[in-house]
Structure formats: C-alpha cells, structure tokens
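> Here it is: the structure, laid out below.
Right, dumping it as structure tokens:
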C-alpha cells in the first residue's frame, strides 16, 4: 500500500513545489497538493496504529506466566485505608504543605484539578517565591513597569484584529476529524500544548513566570557595567533593564544610550552584580542630597557622576576624607564642621585627577566640566551590607 500512496501523492507534491506563489490559479493547486499530502500522512499513521493493535491482540491471546500472589502487608493496607485525599486536609495544613513546594512543583500541582489550581495560584504563595529569588534585584519600579505592561496588553487585546482570508486547507483543518492537520497547519507548538496552562496575567504567579522565562525586562542597576576589560566603569553602578536567562542563571543587561552612543547590551551578568535601585531618582535627574549635614570623615557614600550632560548618571563609590589642614586625629578633627566636604576615591592612585574632589555642604548642586565630568547628588551608605557589596568589587591594582 505504501508504494501506491507515494505514487498517488507524487504529482501533487511536485505541483506544490513548483507552483509560483504569486500566480493566483496555482494557489488552489498548492492547497490541493497539501491536502493530498495530509491525507497520505493520516492513512500511513492509521495503518501503523492498526498494525500495532494486531500485535497487541496476538500478545493478549498468549496466557500470562504464572505469578506468585503477594499478600499485602497489614501495615501498608492500614496506612492506605487511613490515607486522606489532599483536598480533605484542613486549610492550614494544606497551606503549609503548599508553602514547602518549589515553584515547579507548585505549578505542577496546579494542573491536578480546579480546586488545587485555585489554591496553588494564590498570591501569598507566589509572593514568597518572588521575595526569595528576586527580592534583592526587584524594586518598586519593576512592579510599576509590570503593571504598566499588563495594562498595555489589556488595551491591545481590545483592538479589532484584521480578518484573514481562509484557504481550503484552513477550512479542512477545522472540519477534519483528526487533530494532526489542525495542529500542523496552524503551527501550534506541541510542547506548549503539553505544558501547564499559564496563570492569569494579573497574578503574582504570572509575574514570577514572566521573570523566570525571560519574558519581562525589569529595571535594576548593574555594578561595573561592561566588565569585559572596561576599567572605566570600576566601582560604579548604572541603571539598566535586565532579562533573566534560566539556562545560564545569568542576566542580559540593556543599558540606555550614552549621548550619541546607541543602547548597549551585556550578556552573562551575574546575580552578584545586580541590585534593585535604592532610590526612585531617574538616571537623567539630579538626586536631591539630604545627607550632607551628617557626612563625616570615614563615611561611605555613593555619588552621581556623568561624563557630560547628554549622558545618564551612574553611581560611584567613595569615602569622605579629611581636609588638608586637618591632621586626621579623630579627637581633634573638625572637618564635619566645615562647609566643604572632601570626597575621596581611593581606588585611584594618589595624584590622579580622579582621586579627590570637594563639594559644598550647604549649597551642593551639580558641579564639574566637560573634562572631569559632572558630580551630582550624594547618598550616604547606611548599612554594612551595602559597604561590603561595594568592597567586593575593589580592583586588584590601583587605577591611575
């Protein structure tokens, strides 16, 4: 039968290949050829299924080998009798069980039945997983952008879609009793058909899934951007949009344009180089410094800096130093009473033009020029965790 099918479908297959798409009469020939190929495929598949069924019937006629009956253990039988379905557990016990599940197990449990789907999609469960994995790199801006994206999707869904003219094969796919034609012609992904249904878009579970699958670019900050040998960004932190790659457990960072330079992407960004933005100040705006009166020698800080006024700000790490007349004696130092604050960047060598700068304690605004760049707002580091994070990126060699 196979040679007959091949002979019958060969002319249609030939026409399908040589028929020009721009010539309308050949469009019908193309569709008829496709229909012939699909029919041949279905007949072959069902022939193989029938042959497999005959083999199973022949195997069923053979008597099964004798087997020793196993006496069930009394303890096992008693345990099975006392076992309760999961949904019959008290609410607190069931919630406690679901809290111990991993995100993958929780998503799989949601496919069991409608009752578990509702319980496994609760925001309280998924919020724990979001905080546990993403809490250090997600800020309020990320949540705001996610909600804005949901609103944009909802608005796009309400727009009318242009009608598409259906061909013969489309009509046949809708009426054909076998599902194979519909799936293949309409290009449905078989893997997606077998996967779990996506949670509702406005749930925390949907947000977790978008982050995990890399479907959502979220705003954050990256330490030492362009780390591939670019020493010009050491001990700095710049705004970017990031997307997670679960295959490598790293991020792809997309930095905004720098002046005339286009936006740049960096792959392979490790978790330790990413943080949520500690402030809501946009990268192009000057941060209003509220800590100047409290700064003393030895305090750690971040300061905004940009090369020129067309560039966005980045945050740079430094330490408050002593003024020149001071002998750095902690009992005699009066630097905190002076109107001038000495800012030191000790990863630069002594004598470097990047080593020190001064700002006004009472009237600090953006200062600088096109040669040395522009210094902006200052943020005092309050915790040892922030300071130790910066110190982990300290360069091996002093910069000139």
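Numbering (mature numbering (1 follows the signal peptide of the UniProt record, and there is no 0)), first residue to last: -16 to -1, 1 to 384. In this text, a Cβ means the ideal position worked out from N, Cα and C, and glycines have one as well.
List in chain order: all unbroken alpha helix (DSSP H) runs of 4+ residues lying wholly within the segment 58 to 145.
Taking only runs of at least 4 residues, the alpha helix (DSSP H) segments lying wholly in the segment 58 to 145 are 58 to 66, 75 to 83, 87 to 93, 98 to 104, 107 to 118, 124 to 141.
> When you compare only the Cα positions, how much space is there between residue 364 and residue 269?
Taking the first residue of the chain shown as 1, we reach residue 364 at position 380. Taking the first residue of the chain shown as 1, we reach residue 269 at position 285. Straight-line Cα distance between these residues: approximately 18 Å.
> To the nearest angstrom, how far is it from the Cα of residue 208 to the Cα of residue 257?
Indexing the chain shown from 1 puts residue 208 at position 224. Indexing the chain shown from 1 puts residue 257 at position 273. So the two alpha carbons sit approximately 7 Å from each other.
> Could you tell me the alpha carbon to alpha carbon distance between residue 322 and residue 345, rounded to whole angstroms?
Numbered from its first residue, the chain shown carries residue 322 at position 338. Numbered from its first residue, the chain shown carries residue 345 at position 361. Those two C-alpha atoms are separated by around 8 Å.
> Does DSSP put residue 372 in a helix, a strand or coil?
On the chain shown, residue 372 is found 388 positions in, with the first residue counted as 1. Helix, per DSSP.
> Quick one: give me the first and last residue of the alpha helix (DSSP H) that residue 188 is part of.
By 1-based counting over the chain shown, the position of residue 188 is 204. Segment 188 to 196, the alpha helix (DSSP H) holding residue 188.
> To the nearest angstrom, how far is it from the Cα of residue 203 to the Cα of residue 192?
As a position in the chain shown, residue 203 is number 219, starting the count at 1. As a position in the chain shown, residue 192 is number 208, starting the count at 1. Distance between the alpha carbons of residue 203 and residue 192: 15 Å.
> Helix, strand or coil for residue 32? Go by DSSP, reduced to three states.
Reading the chain shown from its first residue, position 48 is the one you call residue 32. It is helical.
> Note down the Cα distance separating residue 385 from residue 277, rounded to an integer number of angstroms.
This structure leaves residue 385 out entirely; the chain is present only between -16 and 384.
> Hey, how far is the Cα of residue 317 from the Cα of residue 329?
Numbered from its first residue, the chain shown carries residue 317 at position 333. Numbered from its first residue, the chain shown carries residue 329 at position 345. If you take the alpha carbons of residue 317 and residue 329, they lie about 20 Å apart.
> Taking its Cβ as the centre, do 16 or more other Cβ atoms sit within 10 Å of residue 354, making it buried, or is it exposed?
The count along the chain shown starts at 1 and reaches residue 354 at position 370. That one is exposed.
> Starting from residue 250, trace the beta strand (DSSP E) in both directions and tell me its first and last residue.
Looking up residue 250 in the chain shown gives position 266. 248 to 253 is the extent of the beta strand (DSSP E) around residue 250.
> Run the proximity test for residue 245: is its beta-carbon closer than 8 Å to any non-hydrogen atom belonging to the ligand ADP?
Absent from the structure shown: the ligand ADP. Ligands present: none.
> Where does residue 382 land, buried or exposed, given buried means 16+ other C-beta within 10 angstroms?
As a working note, residue 382 is residue 398 in the chain shown. Classification for residue 382: exposed.
> Given a cut-off of 9 Å on the beta-carbon distance, is the pair residue 320 and residue 266 in contact?
Residue mapping note: residue 320 aligns to position 336 of the chain shown, counting from 1. Residue mapping note: residue 266 aligns to position 282 of the chain shown, counting from 1. In this structure, residue 266 does not lie closer than 9 Å to residue 320 by Cβ.
> Find out if the Cβ-Cβ distance for the pair residue 260, residue 380 is shorter than 9 Å.
Mapped onto the chain shown, residue 260 falls at position 276. Mapped onto the chain shown, residue 380 falls at position 396. No, the pair does not count as a contact, with Cβ atoms beyond the cut-off.
> Would you mind sorting residue 341 into buried or exposed? The rule is 16 or more other CB atoms within 10 Å of its CB.
For the purposes of this step, residue 341 is taken as residue 357 along the chain shown, with counting starting at 1. The residue in question, residue 341, is buried, as its Cβ has 16 or more Cβ neighbours within 10 Å.
> According to the neighbour-count rule (16 or more other Cβ atoms, all chains shown, within 10 Å of its Cβ), is residue 394 buried or exposed?
Residue 394 cannot be examined here, being either before or after the span of the chain that is shown, -16 to 384.
> Indicate the three-state DSSP secondary structure (helix, strand or coil) for residue 210 in the structure shown.
Taking the first residue of the chain shown as 1, we reach residue 210 at position 226. Looking at residue 210 - three-state DSSP - the assignment turns out to be coil, as it is neither helix nor strand.
> Using 9 Å as the threshold, is the C-beta distance between residue 109 and residue 90 below it?
The sequence position of residue 109 within the chain shown is 125, counting from 1. The sequence position of residue 90 within the chain shown is 106, counting from 1. Yes. Within cutoff.
> Tell me, to the nearest whole angstrom, how far the beta carbon of residue 289 is from that of residue 301; I am working on the premise that it is less than 8 Å.
For the purposes of this step, residue 289 is identified with residue 305 of the chain shown, where counting begins at 1. For the purposes of this step, residue 301 is identified with residue 317 of the chain shown, where counting begins at 1. The pair is not a contact, with the Cβ atoms about 11 Å apart (cut-off 8 Å).
> Closest to residue 239 by C-alpha separation, out of 303, 70, 231, 253, would be which residue?
In the chain shown, the residue the question calls residue 239 occupies position 255. For the residues 303, 70, 231, 253, the minimum Cα distance to residue 239 belongs to 253.
> By the three-class DSSP mapping on this structure, what secondary structure does residue 285 have?
The residue labelled residue 285 in the question sits at position 301 within the chain shown. Residue state, collapsed to three classes: strand.
> Pop quiz: residue 103 and residue 83 are said to be a contact at Cβ under 8 Å. What is the actual Cβ separation, rounded to whole angstroms?
Numbered from 1 along the chain shown, position 119 holds the residue referred to as residue 103. Numbered from 1 along the chain shown, position 99 holds the residue referred to as residue 83. With 8 Å as the limit, residue 103 and residue 83 do not qualify as a contact, their Cβ atoms being about 11 Å apart.
> Mark residue 376 as exposed unless 16 or more other C-beta atoms lie within 10 angstroms of its C-beta, in which case mark it buried.
Locating residue 376 in the chain shown gives position 392, counting from the first residue. Exposed, by the Cβ-count rule.
> Near residue 293, what residues of its chain come up, given a Cβ to Cβ distance below 8 Å and the 5 sequence neighbours on each side ignored?
Numbered from its first residue, the chain shown carries residue 293 at position 309. Closer than 8 Å at Cβ, skipping near neighbours: 358.
> According to DSSP, is residue 278 helix, strand or coil?
One-based indexing of the chain shown puts residue 278 at position 294. Reduced to three states, the DSSP call for residue 278 is helix.
> Grab the span of the beta strand (DSSP E) containing residue 363 for me, first residue to last.
Mapped onto the chain shown, residue 363 falls at position 379. Where residue 363 is concerned, the enclosing beta strand (DSSP E) stretches over 357 to 364.
> Measure the C-alpha to C-alpha separation of residue 183 and residue 105 and round it to an integer number of angstroms.
Counted from its first residue, the chain shown places residue 183 at position 199. Counted from its first residue, the chain shown places residue 105 at position 121. Their Cα atoms are separated by approximately 7 Å.
> So, residue 237 versus residue 206, is the Cβ gap smaller than 9 Å?
Numbered from its first residue, the chain shown carries residue 237 at position 253. Numbered from its first residue, the chain shown carries residue 206 at position 222. In contact: residue 237 and residue 206 (Cβ atoms closer than 9 Å).
> Give the range of the beta strand (DSSP E) segment to which residue 344 is assigned.
In the chain shown, residue 344 corresponds to position 360, counting from 1. Unbroken beta strand (DSSP E) run through residue 344: 340 to 344.
> What does the alpha-carbon distance come out to for the pair residue 125 and residue 75?
Residue mapping note: residue 125 aligns to position 141 of the chain shown, counting from 1. Residue mapping note: residue 75 aligns to position 91 of the chain shown, counting from 1. Rounded to whole angstroms, residue 125 to residue 75 spans 35 Å at the Cα level.
> Start and end of the beta strand (DSSP E) containing residue 295?
Counted from its first residue, the chain shown places residue 295 at position 311. Note, residue 295: premise wrong, no beta strand (DSSP E); not H, not E.
> Could you have a look at residue 329 and say whether DSSP puts it in helix, strand or coil?
As a first step, residue 329 is located in the chain shown; it is residue number 345 there, counting from the start. Of the three classes helix, strand and coil, the one that applies to residue 329 here is coil, per DSSP.
> Ends of the beta strand (DSSP E) at residue 236?
Along the chain shown, one-based indexing puts residue 236 at 252. Element bounds for residue 236: 234 to 239.
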